[in-house]
Amino acid sequence: MPVTAQFHFLQGNINHCARAQDLLLQSMAEWSIHVAVVAEPYFIPARDNWLGCADGSVAIIGETLIDPSRGRGWVAAVTGGIIVVGAYFSPNKSLADFEGFLVELGAVVGRYHPRPVLVLGDLDAKSSAWGSPVNDPRGEVLEEWTVTTGLVVLNRGSEYTCARACGSGVGR
347 MPVTAQFHFL
357 QGNINHCARA
367 QDLLLQSMAE
377 WSIHVAVVAE
387 PYFIPARDNW
397 LGCADGSVAI
407 IGETLIDPSR
417 GRGWVAAVTG
427 GIIVVGAYFS
437 PNKSLADFEG
447 FLVELGAVVG
457 RYHPRPVLVL
467 GDLDAKSSAW
477 GSPVNDPRGE
487 VLEEWTVTTG
497 LVVLNRGSEY
507 TCARACGSGV
517 GR
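Be aware that the sequence shown starts at 347, since it is given in our numbering, and climbs by one per residue.
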């Protein structure tokens with residue numbers, strides 16, 4: 347199915363917070379968001395418009411989610427002719443684990459080729475390629491992965507989308 351309509355996407359990490367999940371759903375309604383990817387959801391309801399990954403760490407929310415697939419830390423579905431892949435990778439895991447995760451995620455992206463694929467998520471990786479003022483090893487690995495997988499970084503910005511004592515992230 348060709349992509350014929352304009353879609354609005356939202357991605358966020360709500361850190362298992364019930365109020366943040368309520369705010370996410372309200373924001374989707376107010377901002378006319380068609381599809382959201384939520385990392386660390388409070389819970390994943392058993393509804394047709396929610397699709398969670400195998401370990402519950404990330405979910406896709408959207409009206410029409412078809413051809414779903416899921417693994418640990420990732421979930422994918424087709425909506426409106428676009429393949430949406432939601433991903434979450436814990437900052438507490440090693441770089442070697444991250445590289446293994448990206449191998450699995452790359453296979454998911456490759457499975458849907460040549461259809462349009464949008465990967466949204468929280469991978470705790472810093473790179474100037476997406477506006478971070480610093481680079482880290484995960485960012486370098488992820489940057490290389492996007493190139494070898496044939497993806498293009500769409501988010502750019504300099505505003506912090508997450509700021510707390512232990513660190514901050516750029517994504518806007």
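Built from N, CA and C at the ideal position, the CB exists for glycine as well.
Nearest to N361 (by Cα), restricted to the options E490, P437, G496: On the sequence shown, position 15 is the one that residue 361 refers to. Among E490, P437, G496, the Cα nearest to that of N361 is on P437.
Count the CB pairs spanning the segment 454-465 and the segment 421-428 that are closer than 8 Å, and state whether there are at least three. yes
Backbone secondary structure at Q357 - three-state DSSP: On the sequence shown, position 11 is the one that residue 357 refers to. Here Q357 sits in strand by DSSP.
Look at the Cβ atom of A433, then the Cβ atom of L451, and state whether they are nearer than 8 Å. As a first step, residue 433 must be located in the sequence shown, where it is residue number 87. As a first step, residue 451 must be located in the sequence shown, where it is residue number 105. It is a contact, given that the beta carbons lie within the stated cut-off.
Within the continuous alpha helix (DSSP H) that includes A375, where are the two ends? As a first step, residue 375 must be located in the sequence shown, where it is residue number 29. Taken as a continuous stretch (DSSP letters only), the alpha helix (DSSP H) holding A375 covers 364-376.
Residues in its own chain within less than 8 Å of R510 by CB, not counting five upstream and five downstream? Position 164 of the sequence shown, counted from the first residue, corresponds to residue 510. With a pLDDT of only 46 at R510, under 50, the local geometry of the prediction cannot be trusted, and no value is derived from it.
First through last residue of the alpha helix (DSSP H) which encompasses A405: For the purposes of this step, residue 405 is identified with residue 59 of the sequence shown, where counting begins at 1. Not the alpha helix (DSSP H): A405 falls in the beta strand (DSSP E), residues 404-408.
Can you have a look at I412 and say buried or exposed, based on whether 16 or more other CB atoms are within 10 angstroms of its CB? Translated into positions along the sequence shown, residue 412 becomes position 66. The residue in question, I412, is exposed, as its Cβ has fewer than 16 Cβ neighbours within 10 Å.
Which value, in whole angstroms, describes the spacing of the CA atoms of T494 and V487? Residue numbering aside, residue 494 sits at position 148 when the sequence shown is read from its first letter. Residue numbering aside, residue 487 sits at position 141 when the sequence shown is read from its first letter. Cα to Cα, the separation comes out at about 11 Å.
Spatially closest choice to D394 from R365, P414, E376, by CA coordinates: Here residue 394 is taken as the residue at index 48 of the sequence shown, counted from 1. Selected option, being the one with the closest Cα: P414.
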